[in-house]
C-alpha cells in the first residue's frame with residue numbers, strides 16, 4: 320500500500336514514483352486533491368455545501384509550515400512541521416509571537432490542541448505526542464501512540480486525533496490513551512486524508528469536527544458522534560499568497576469562540592484570514 324507523503328516530493332523524485340506506480344497510481348502529489356474533489360462530487364442532498372466569505376486578512380508567519388491552528392484565549396496556538404524546523408508557539412492576529420518551543424530536529428511536527436491547562440502536540444511518524452504547559456508551552460512530558468499523527472483538536476473532556484485515514488481517534492486528555500474511534504463517511508463512502516482539525520460545539524450541543532482535507536481546498540464538517548460528513552466547505556476562493564510551491568496549501572482552521580467566524584491559513588502562508596462559512600450565492 321502506498322503511503323502518501325505529508326509533503327510533495329521534487330519533480331525528479333515524483334517521476335520515479337510515477338514509474339513505480341504504473342497504471343495504478345498516477346501523480347502522488349495530485350492523488351489526494353483528486354480524491355477530495357471526487358468525494359465532494361459524491362455528496363448528496365444530506366451534505367450541506369458551503370462557500371467562504373472573507374471578512375478580514377491579518378499578517379501571518381510565512382516561514383511556518385502550519386500543521387495546527389487553534390484559538391486559545393486572546394492568542395492563537397500554532398504548531399508547524401518539517402524536519403529541523405518544527406516548532407510550536409503562540410501568536411496574536413498581528414503576528415506578535417511568544418513562547419516558541421522547538422521539537423527534536425529529527426521529528427516532523429504536526430497538529431496541536433489545548434485542553435484545560437495542557438497542550439498536546441503530535442509528531443508525524445515518530446509516535447510521540449508532547450504534553451506542554453498551556454501558558455508557557457514548556458514540555459511537561461510525552462506520550463506514545465500507534466501509527467501516524469496528523470491533526471488534533473479537543474472538546475472539554477476528550478482529544479480528537481486524525482491520522483490520514485478515514486478514522487478519528489478519541490483520546491484521554493490527561494494521558495493521551497485511546498478511548499475509541501469513529502469511521503468518517505461521506506454519503507456512505509469512507510472519507511480519508513483528514514488533516515488539521517478544529518472541534519466546535521454547535522448551538523444545539525452537537526459536537527462537530529472541522530477538517531482540512533490533505534492537498535485539497537475542501538473542509539469537511541463532521542458529526543463527531545456518527546462520523547458522518549454533514550457539510551463540505553469549498554475554500555478555493557481564499558487567496559493563497561504563499562510562494563509558488565506545491566506544498567504551500569490550505570491547512571489550518573480555528574473557530575473564533577462566541578461567533579460564527581473562523582480563522583484559516585495554510586502552509587507558509589503570509590496571511591491569516593478571518594472568514595465565515597456561507598451558502599453559495601448561485
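Residue numbers (the numbering used here): 320 to 601. Glycine is no exception: its CB is placed at the ideal position from the N, C-alpha and C atoms.
Exercise for the section: Out of 596, 546, 584, 569, point me to the one whose CA is closest to residue 664's CA. Expected result: One cannot answer for residue 664 here, as it falls past the ends of the chain, which runs 320 to 601.
Exercise for the section: Establish whether the CB of residue 563 and some CB of chain C are separated by less than 8 Å. Expected result: No chain C appears in the structure shown, which is made up of a single protein chain.
Problem - Burial state of residue 538 (16 or more Cβ within 10 Å) - result: buried
Problem - CB of residue 478 within 8 Å of CB of residue 528, strictly - result: no
Handout entry: Separation of residue 430 from residue 458, as counted between CA atoms
Key = 16 Å
Handout entry: Secondary structure of residue 407, DSSP reduced to three states
Key = strand
Problem - Stretch pair the segment 460–472 + the segment 507–522: three plus CB contacts closer than 8 Å - result: yes
Exercise for the section: Assuming residue 594 and residue 581 form a contact by the criterion Cβ under 8 Å, report the distance between their Cβ atoms to the nearest whole angstrom. Expected result: 6 Å
Problem - Burial state of residue 566 (16 or more Cβ within 10 Å) - result: buried
Handout entry: 8 Å Cβ shell around residue 422 - same chain, five flanking residues per side excluded
Key = 405, 406, 407, 428, 440, 442, 449
Exercise for the section: Give the range of the beta strand (DSSP E) segment to which residue 433 is assigned. Expected result: 428–434
Exercise for the section: Report the rounded CA-to-CA distance for residue 413 versus residue 513, giving the unit in angstroms. Expected result: 29 Å
Handout entry: DSSP three-state assignment for residue 418, whether helix, strand or coil
Key = strand
Exercise for the section: Give me the Cβ distance between residue 542 and residue 525, rounded to the nearest whole Å; I'm assuming they're in contact under 8 Å. Expected result: 7 Å
Exercise for the section: Work out the CA separation of residue 551 and residue 366 for me, nearest whole Å. Expected result: 7 Å
Problem - Assigned exposure category for residue 572 - 16 Cβ within 10 Å defines buried - result: buried
Practice task
Label residue 488 either buried or exposed according to how many other C-beta atoms from any shown protein chain fall within 10 Å of its C-beta, with 16 as the threshold for buried.
Solution key: buried
Handout entry: Contacting residues, own chain, Cβ-Cβ under 6 Å from residue 462 (five flanking each side not counted)
Key = 448, 495
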